[in-house]
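In what follows, a single structure is set out as C-alpha cells and then discussed.
In UniProt numbering, the protein residues as written are 1 to 440.
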C-alpha cells in the first residue's frame, strides 16, 4: 500500500512506502544493540578508570608500608612469616599522607600485611571505608589455588611448614680448564664463568640439591728463550750476513751460518739457488658473505692461511711459494769461529753476535715458574690462569613431619620459634602455600 504525502519540488505528490513490521523490528533491534554496546563500553571504561585509581592508591600504600617496616626493622626474615601495619599508623608516622590514601572524599583505612615470600615480599592491602576502592566492594568471592594467581587480584598467603635435615657434600674437582673453555659472561646464579661444557664437572648424585659451584684458580707457566751464536775470535773485519760473497771479503766463515726469515708467500716461483730452500703450499682467495655478496680479503689476493676471523670462506686455489736463504759472514783474515746457538756465553766463546738472535718455541705449560734471576735476561714467561670446578651440594632427609602444618603448630612441635629454628645447622625448612584470592 502506498501513501501520498507532501509534494516534491516539481509539484508531484511524494509517495511513501509502508514499512513492514519485520523490517521495523530489525531496525529497532539494531538501534537497541548499538545503545547496549555503547553503555557496555562506557561501563568498562569507567570501571577501568576506577581500577587504575585504586591500583595507584594500593601501590602507594604498599610502598609506604614497606618503607615503614624497614625503618622500624620489623620486616619478616623467615619465609612465610608476616607483619601487619595499620594504614592510620602509616599516616601518623608521616610515611603516608592522608591525600595519598584518599579516594575522592572517602579516606581509605585498613591494614597492610607484608609476607616474606621467596626472594621478595608479598603485600596484601585490605582497604575499608573508601567506596569502590574498598576491598570488599572491589573484589569478588574468595577462591583458593596452589599457584599464585595472575591478573588484578587480591591475594592472601596461607603458609604451611615441614622440615628436613641434610648433609653438605663436595663433588670431585674437574680438570683445570683454560679460559677459552669457559663462558665469556659470568653466570647470573653462581657469579662465575662456567665451563661451556658443563659435563666437564664431575656430576653430583641425582637427589643432590646443588648449593653452589665452586671454582679454584691456578697459574700455569710457559716460557721461551732468546738464543745467539757466540764466537771466540774478535775479528772486526767481517761483512754483514750475506748469502753470496760480498765484494772485498775473501773467506766465508762457515761456522757463522744462519737462516733468513721466510719470505712472504707469493704466486711467483722464486729463483733457485744452492743456498735456498723453497716451500710450496696451496693458497686461496678468502672471503665472507655480506648478504648475497662475496667480500674478498684485499680485493682477492691469495693467502695460504685464513687472514682474519671473518674471512671464513675460500675459493680459487693456487700454488704459493716461500723461501729461506742460508747466510754467512765473510771475513778477511782469520774467521771468528762460532759455536752453535746458546742463551749464555762461556769463557771459550765470550763474544755474542746479536744479529744471530733467534727465539725458541714456547715450552709446554707447567705448574711451576721457570723464570728467575739467572735467566731473566733472555727468558720470557707467559702466565695462563686456569680454573677447576666442583659441586657443593646437600643431600636431604625425608620430611620429618607427617604433614605440612601451620607456623604455630610447627613452632609447638619443634619447641622454638621459626626464626630460631632456621638458624640451626643442617636444617632446611620447607614452605608450601595456599593462595586465597579474590578477583577484581
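No residue lacks a Cβ here, since even glycine has one placed at the ideal position from N, Cα and C. Every value quoted in this text rests on a predicted model; they were computed, and no experiment measured them.
Leaving out five residues on either side along the sequence, give the residues of the same chain with a beta carbon under 7 Å from the beta carbon of residue i.
i, result
"residue 312", "288"
"residue 360", "224, 225 and 227"
"residue 42", "Because residue 42 carries a pLDDT of 49, less than 50, the predicted location of this residue cannot be relied on, and no value is offered for it."
"residue 327", "241, 242, 243, 258 and 260"
"residue 343", "225, 226, 227 and 378"
"residue 134", "127 and 128"
"residue 406", "160"
"residue 140", "438 and 439"
"residue 212", "190 and 392"
What did DSSP end up calling residue i once you bin it into helix, strand or coil?
i, result
"residue 101", "coil"
"residue 89", "helix"
"residue 435", "strand"
"residue 235", "coil"
"residue 141", "coil"
"residue 1", "Caution is warranted here: a pLDDT of 46 is assigned to residue 1, below 50, making its placement in the model unreliable, and the coordinate value is therefore given only provisionally. Three-state result, residue 1: coil."
"residue 382", "strand"
"residue 31", "helix"
"residue 115", "strand"
"residue 358", "strand"
"residue 72", "helix"
"residue 314", "strand"
"residue 67", "helix"
"residue 335", "coil"
"residue 366", "strand"
"residue 59", "helix"
"residue 177", "strand"
"residue 42", "Low per-residue confidence applies at residue 42: pLDDT is 49, beneath 50, and the placement is therefore not dependable enough to give any value."
"residue 408", "helix"
"residue 135", "helix"
"residue 95", "coil"
"residue 23", "helix"
"residue 421", "helix"
On a Cα-Cα basis, can you pick out the residue from the options that is closest to residue i?
i, options, result
"residue 397", "128, 163 and 236", "163"
"residue 251", "261, 258 and 239", "239"
"residue 235", "204, 319 and 249", "249"
"residue 391", "60, 54, 198 and 30", "198"
"residue 322", "355, 268 and 110", "268"
"residue 78", "439, 438, 437 and 429", "429"
"residue 372", "152, 221 and 171", "221"
"residue 265", "293, 292 and 302", "302"
"residue 255", "271, 216, 232 and 71", "232"
"residue 132", "142, 143 and 106", "106"
"residue 437", "185, 125 and 120", "125"
"residue 384", "171, 218, 85 and 66", "218"
"residue 334", "395, 253 and 414", "253"
"residue 59", "123, 205, 263 and 366", "123"
"residue 426", "168, 154 and 157", "168"
"residue 362", "294, 205, 332 and 382", "382"
"residue 151", "193, 55 and 22", "55"
"residue 419", "278, 25, 116 and 23", "116"
"residue 61", "28, 36, 31 and 99", "99"
With a CB to CB cut of under 8 Å and the five nearest residues on each side skipped, what residues in its chain are close to residue i?
i, result
"residue 195", "174, 177, 181, 182, 183, 201 and 389"
"residue 83", "69, 74, 75, 76, 113 and 114"
"residue 230", "338, 339, 342, 345, 346, 349, 350, 351, 352 and 353"
"residue 375", "225 and 343"
"residue 144", "434, 435, 436 and 437"
"residue 147", "435"
"residue 165", "396, 397, 400, 426, 427 and 428"
"residue 270", "263, 276, 278, 321 and 323"
Name the DSSP bridge partner or partners of residue i?
i, result
"residue 207", "Answer is none; residue 207 lacks a bridge partner."
"residue 110", "127"
"residue 322", "279"
"residue 182", "195"
"residue 160", "432"
"residue 414", "None; residue 414 has no bridge partner."
"residue 330", "252"
"residue 217", "387"
"residue 228", "342"
"residue 169", "393"
"residue 349", "346"
"residue 427", "165"
"residue 120", "117"
"residue 77", "Per DSSP, none; premise fails for residue 77."
"residue 243", "Bridge partners of residue 243: none, in fact."
Keeping to the same chain, check which residues put their C-beta closer than 6 Å to that of residue i; ignore five residues upstream and five downstream.
i, result
"residue 214", "390 and 392"
"residue 159", "80, 431 and 433"
"residue 96", "64 and 90"
"residue 325", "243, 260, 275 and 276"
"residue 284", "314 and 317"
"residue 109", "87, 128 and 129"
Fully enclosed by the stretch 248-303, which beta strand (DSSP E) runs are 3 residues long or longer?
Segments of the beta strand (DSSP E) lying fully in the stretch 248-303: 251-259, 276-290 and 293-296.
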